[in-house]
Structures are given as structure tokens and as C-alpha cells.
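Residue numbers (this note's numbering): 449 to 1310.
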């Protein structure tokens, strides 16, 4: 009997009623009433057939393949049915204990899916006459919603939990559901199972995730907004890669050890979508992460799109020859990146930046809440800057100890659209509808369209227009970029496979001085690996080459008049050593500057060919603790400067070429306490807790005292003699008032600024006002004196001053060549309607070698 009637009195039917003892049931006759004593009662002892529990099941994901396994317990030999919302179905049979599992199921990723489970089993039913029949029992279905996400470069389980559950603390659940023991076991590309998500979309689009560390490494070579060996053209465009990097420094103040700086960068050529504290794709300066890859490589991101790669090697890690940073794994499973000068970047168990400590122990510490959101950045003096977030985990406000605030606003797509500075000036951003990495328009706080970009399909800038509607353009062809500036001058940039510029070619220009015949300059050109340059007399000082030929300077051409010739050669060439250091710079005249490095990439020499010999500065490193501090510096005349260091790397004394020694002492935090010169005169400093100077004692024991506000801005200076000086600032740090009292009378200057932080007016103690006006690019175009005298200035596309009208409306004109070198000054003249003309003449390197004054008197420079 398998039927159960809850209320046999109301149903007047046969019912099972629990009695004492396991396995016992009382069977009451059909005419049973409330008066049980009046009716016969039949009692049977039997064992019930197995009753199936609910259709409960669990899901598990293979983190490497993304395939799903469903498993659970039903009844022995139950028939299990799994049906996905994609109409795929799976049928299987439970084992003799009722356990079952189905592995290898594949579902679409990045959106909410569901799978339902039900099961059936058979029982034998014997009626009153002993007839047996088979009855099929169906349990379920029960459904489970889930989503398959992928662990991307910027992901953390707390960020995934915040994204999918609106609660970063549910990272604990995510880790349990995915059997994640520690955050740092997760590698880029791992699949993550999200059960019952609140939103149905990928955390990071799968096509933008770079799982191959070698591909990621090559991409980081291109994304180098703040790194060396790049040439920037236009407004923040990398000439080699075409990358446009939008940069913002929103809040900053000086601090002991390291300044507190809140910066952000967005790179147009970035391939990977990044969900960080500033929404889509903006890199945040303090959001430095450790990123794990499947081969054991670790990338330490820089918070600006760049990063350092560390590869596993034995029990530690190795990196590129040109990288001096070291990665160290601590005993507690955390990591630290240590620079050659002793700065330590510590990362917590989530692989997020925990602190930055200088060699003297001064630290900036980062504090996170349980959701993994950075809530405070605290300097070595204990001053905390607070961060506030929206429900999506995006920063909405940053407030420093002086209560200055920066606001961040996002569009409906989650992109940063507006940044409001402490003075309420707002910068707005508009994006390419096809790719939110690409900023197509930036409007400044004065509501001028400061930058307008167009991009190709690789995110490289094609054209850029400024607020005055001057434009630049870039064309790309393999390892060559052709750049046309705002004055229509054309430059060609060549770069190597690592996107390092190897040469720059510019427009043809006139060089030389009239009346002096140009001498043919003979140089030895090197050809090897696609690079050319000058071979010096000392072959040991330069890398070996594959071929050498002798040629005239490519800039020398037939003289057009007198000593004037047309230069059409390369403006500059660069060569790099195998470690990536720039070791040769060849100027337009073929002169070479050589840079030499030791095995630890310390600069050891800067040399030039002088009188047939290589001469220049040399640097030696003989620190007893084997640290990368220069102990001896020799100039081109072999004069020596010697330095000694203390245990923390601070200079103890310097002895110059005259054998004169200056001594230094320090406080424990590394700040200079005293300086004693060779004449034994000593100056001394004391400091406030934030590292600002409190007092300065000169060599005659005179003291000057300094006072600051909460963010280290100078408020007052008390001099040994005379009245104190006072300073006041607006919230953007602009000096708005400077005053003191002289003979008990107030002497002050007040300043006014526009929303672009440009000085628009000053007023002195006598109410005299000077007014300044600017064009949309920030160039000063008009100055009005207190007597209303007006000076006007006009500029060319590159911002060179072209015309100036003085207060009498006399006009002075300026002319430039294609490289922006000032060629001609035409001043007003009472005697010459054409004006008094001065001419400047240059060599190919831009050195001024001749001047003709208005009377045509020459001055020649060598």
C-alpha cells in the first residue's frame, strides 16, 4: 500500500496511520469513524517499498573545459532524465545505491541556462485479491539555473560575486560551488559555474580573453602608455602602435615615501575587456593585480595597461633581461614584487595590491572591505583617502583627508562617462559604439571638444582633431607609421617587432648659414637587422655588425644658395641591445651617442666620439652589499665623484673631483636630517609626521618654519626675519591667495581660475587687476593689464606663437620651418614697411648655428 490519505475521516477511505515501531503501520477498515473502539481494526506488519526522495541534484564544472557534470541520489536503478533549456536531453540509470552522475555536458556560455532533472522507478502493487501489478512512480522535475563564466585577467571571485549576485561576500559560495581553495589557483581562461545568477551576461566576453601568456606578453609590449622607447604624437598617441591612451590624474597629494595619486588610463588598442573599479576598460592606478596563467606564468599588472611577466624557474621566477623587478613568493602563499631600489609591492591572498613600501619602511597601505572593494588608501602618516561605490562595485566618489571630492558617473553601458573634479569642473567621454576601449570625444570642463578621434578596426588612431579644429592624421604600413602634424608636416616613424622606434624621418628642411659652403660629412653606415647607424672608432664599444659601407650624410644635398643646403635625412635613429636597452642614438648629422649597461642593466657609460676617441660619462657600481647604486661617476675628463651609502641605500657622503666631501645624515624614515658641506657648515631639517619640512636651520643657525594643511599644501612660512607668508588654495590645488603683513599692512595677491585651471585674473593689494584669456587649446591669446593695455597672441596649428600685437597694436610675426624651429622674426619698423627681419639658421640637429639681425649682421655659432 503506497497511498496516504491525510484525513481518513473526511475521505471515508482506506488509510495508513502511523503506529509505534519502525516498519509498522495500522490499516483501518473503510467504515472507521472517530470512535475507534466501535470498529474492528486489522493490524499488518510489513516493510514498505522504497520511497524516492525529491529530485534533488547538484552541478559541477570542469574548470579547464567548461563541461558540466550533474549528479545526485535517487532510488536504486531509477531512470534519470536530464533536460536542458537548449532541448538537449540525457537519459541514464542510477546504480544499486541510487547514485548517478552525467559528465561532459556542454552548454552555451555567458548567459543563464537551466537544466531540469526528474526520475522514475517501478513498484509492485498487490490488491486485496493478491493480484500484482507494476506501478511507475515519477519524481520531479526539479530545475537548476546556472551560468558559465570565464575567469579573465581582471577577475577575482569577489568581483564575479559582485557582478552576478550584487554581493561580493558571496565569493565564498562561488568558491565552494567551484571547489576553489585559494584565489591564486585560478588562471586566466578557467571556467566558473555561477548557480542562480541575478544577471544573464558574460563577466568578460569570451572572445576578448587572452589565455596564452605569450600572446598576452606581446600585447603588453604594445600597451605601454607610460613606458620608455615609445614616441608620443598628437594628443597621447603612440606613434608606433597607434594606441590612444586617455589619462587622468584625478586626486593627488604629497606624502612621506610615496605621493598619494589616483590615476586612470584607457588604451584604445587593448584587446581584453576589463571590468575594474572604474567600469569598462579603464585601468585604475591602485588596481594592481597578480594574474595567473596556465603554464605557471604570473603577470604583475601596472594599473595602467602595462605589466611585468614572471615565468616559473626552479623554485622561483625569472623575467625578461630588461626587467629588474623580482617576484617573490612568501611562506603564507602571498607574493611581493621587489624593485632594484628596494621598493616592495605586496599582494594579498586575493592577488590584489596590499601595500607599497619604500626602502626606508614608509608604506602606503590599501584597505579592502569583505566584498573586495578598495575602501581606503592610507599614507605613511596615517592619512586615509576614502573610496565609495555603487551597487555594481564601481567607484562613484573619492574623498581625501582635506574632504576634496572627485565624482565618477557612468553611462547605461557601464562606461565611465563623466569625471567631476573638486572644483566641479567636469570632463566627459564618448565612445565608439563598436568598441568601448575607443574614446571618440573628450569634452573638457570648459565644454570645449578637446579631442575627437577616429580609429581603424584595430583601435589605432587615424585622425585626431583638437578644440581649435586643427587635425593630425596617421597612416600605418607594417612597421612604419606616417604622421601628419597640425601644420601638415609629415613624419615617418619606423619601429621594430617589439614596437620600439628605430628611426624618425621628417620633412626636408634648409640647413646651414648663407655664405658658408656645406662640408660633405663622411660617416660609416651600418646595416644589420634593418638598422643603420655610425660605427665608432672603438669596435669594442658597440655591438658587432653584419656589414659596413661608407656614405655621405643622407642629409647633404646640393647647396641652393651659398652655404644653405636641403637636409632630407633621418632626424634620429635608435638601436637596442639584446636586453632591450636603448644603446645607440644617432642624430641627424650622423653623430652617435652610445649607452652601455652592465649585466644588471645599470647604465655604465654615455659616450660620444670626440677627437677620434670615445669620451663621456662613466658609472661604476662597487657597493659592498652588491646593490645597484652608482658609487663612482667619471666625466669626460675623467674627473671622479665618489659616493658611499648606508644600509638603506641613502647617500652618506659624496666626494667630488676636488676631493671635497659633503656628508648626510638621515632620520629613520629616510628623510635628510643634516647636510655638512666641505667647509664644515651644516644645515638641518625637522619634519612633520607627513614628511613635510617643519623647520630648516641654515648654516648660521637661522630657523625657518613651515606649516601645511591636511594634504601637505604649504599654508604658512615663518622666516627668521620679516613677516610670515600665507597661502590659500582652491580644491584643485590652484593658489588663490598669497599674502603677508608688512608694517602691519596687508600685502596680497589673489588669483582666479577657470574650470580648466587656467589663470584668468590676478588682483593685487591696490585692487589692480590683470586679466588673461585663452583659446580652446589653453594658449594665452589676450592679456589685459590694469591700465587696460591689451596684448594679443595668435598661434599656428602646433601651438607655436605666430603673431603678437602689443598694447600699441604693433605686430610682430614669427615664422617656423616644418620642424617647428623659429626661422624668422619680423618686428614692426618705422623705417621699413616690411619690418625689421631677423633670421635664424640651424644645422640638421636643430642647433642654431647662425643669426642675421635686421641690419644683416651675421653671428655664427660653432
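Backbone N, C-alpha and C define an ideal beta-carbon position, used for all residues, glycine too.
{"Check": "Give me the Cα-Cα distance between residue 600 and residue 554, rounded to the nearest whole angstrom.", "Outcome": "20 Å"}
{"Check": "Measuring only the C-alpha atoms, how far is residue 784 from residue 520?", "Outcome": "43 Å"}
{"Check": "First and last residue of the beta strand (DSSP E) that includes residue 595?", "Outcome": "580-598"}
{"Check": "Given that a residue counts as buried once 16 or more other Cβ atoms are within 10 Å of its Cβ, and exposed if not, what is residue 744?", "Outcome": "exposed"}
{"Check": "Counting Cβ pairs closer than 8 Å, one from the region 703-714 and one from the region 824-837, do we hit at least three?", "Outcome": "yes"}
{"Check": "CB-CB under 6 Å to residue 1111, same chain, minus the five flanking residues each way: which ones, in chain order?", "Outcome": "1101, 1124"}
{"Check": "What number of angstroms, rounded off, separates the C-alpha of residue 748 from the C-alpha of residue 862?", "Outcome": "26 Å"}
{"Check": "Can you tell me where the beta strand (DSSP E) with residue 1112 in it begins and where it stops?", "Outcome": "1109-1114"}
{"Check": "Roughly how many whole angstroms lie between the Cα atoms of residue 539 and residue 840?", "Outcome": "40 Å"}
{"Check": "Helix, strand or coil for residue 761 per DSSP?", "Outcome": "strand"}
{"Check": "Cutting at 6 Å between CB atoms, please list the residues of its own chain near residue 1189, excluding the five before and the five after it.", "Outcome": "1171"}
{"Check": "How far does the beta strand (DSSP E) with residue 836 in it extend, from its first residue to its last?", "Outcome": "832-837"}
{"Check": "With distance defined between alpha-carbon atoms, name the residue in 901, 1126, 1135, 1256 nearest to residue 691.", "Outcome": "901"}
{"Check": "For residue 649, is the classification buried or exposed, using 16 other Cβ atoms within 10 angstroms of its Cβ as the cut-off for buried?", "Outcome": "exposed"}
{"Check": "According to DSSP, is residue 739 part of a helix, a strand, or is it coil?", "Outcome": "strand"}
{"Check": "Counting only the same chain and skipping the five closest in sequence on each side, list residues whose C-beta sits under 6 Å from that of residue 1161.", "Outcome": "1177"}
{"Check": "Please give me, in chain order, every unbroken run of the alpha helix (DSSP H) with length at least 4 that falls completely inside the region 644-701.", "Outcome": "661-670"}
{"Check": "To which residues of the same chain is residue 805 closer than 6 Å at the C-beta, ignoring the five residues directly before and after it?", "Outcome": "792, 811"}
{"Check": "For the alpha helix (DSSP H) that contains residue 1148, what are its first and last residues?", "Outcome": "Note, residue 1148: premise wrong, no alpha helix (DSSP H); not H, not E."}
{"Check": "Starting from the C-beta of residue 801, find all residues in its chain whose C-beta is less than 7 Å away, skip the five residues before and the five after it, and write them out in chain order.", "Outcome": "734, 736, 793, 795, 814"}
{"Check": "Check the C-beta distance from residue 723 over to residue 607 and give it rounded, since I have them as a contact under 8 Å.", "Outcome": "7 Å"}
{"Check": "Report all residues from its chain with a CB closer than 7 Å to the CB of residue 1249; omit the five preceding and five following residues, and keep chain order.", "Outcome": "1241, 1243, 1262"}
{"Check": "Rounding to the nearest angstrom, what Cα-Cα distance links residue 611 and residue 816 in this structure?", "Outcome": "17 Å"}
{"Check": "Candidates 548, 664, 614, 1274: which alpha carbon is nearest residue 504's?", "Outcome": "548"}
{"Check": "Kindly confirm or deny that the region 559-569 and the region 611-623 touch, where touching means at least three C-beta pairs closer than 8 Å.", "Outcome": "no"}
{"Check": "Drop a sphere of 10 angstroms on the beta-carbon of residue 1290, count the other beta-carbons inside from all chains shown, and report buried for 16 or more, exposed for fewer.", "Outcome": "buried"}
{"Check": "Return yes when the Cβ of residue 825 is within less than 8 Å of the Cβ of residue 708, no when it is not.", "Outcome": "yes"}
{"Check": "Output needed for residue 886: all residues of its chain with C-beta closer than 8 Å, excluding positions within five of it in sequence on either side, in chain order.", "Outcome": "692, 716, 879, 880, 901, 903, 907"}
{"Check": "Please check the pair residue 934 and residue 1268, which I expect to be a contact at CB under 8 Å, by giving their CB distance rounded to whole angstroms.", "Outcome": "Going by Cβ atoms, the distance from residue 934 to residue 1268 rounds to 10 Å, so no, they are not a contact pair."}
{"Check": "Count the other CB atoms, across all protein chains shown, that sit within 10 Å of the CB of residue 837; report buried if there are 16 or more and exposed otherwise.", "Outcome": "buried"}
{"Check": "So, with DSSP's three-state summary, where would you put residue 622?", "Outcome": "helix"}
{"Check": "Return the CA-CA distance between residue 543 and residue 526, expressed in angstroms with no decimal places.", "Outcome": "8 Å"}
{"Check": "Contact check, residue 651 vs residue 619 under 8 Å by CB: the rounded distance?", "Outcome": "About 13 Å; that fails the 8 Å criterion."}
{"Check": "Which residue wins for smallest C-alpha separation from residue 949, given the options 591, 1237, 1222, 681?", "Outcome": "681"}
{"Check": "Does the pairing of the region 660-672 with the region 749-756 give three or more beta-carbon distances under 8 Å?", "Outcome": "yes"}
{"Check": "For residue 1202 and residue 727, I'd like the C-alpha separation in whole angstroms.", "Outcome": "29 Å"}
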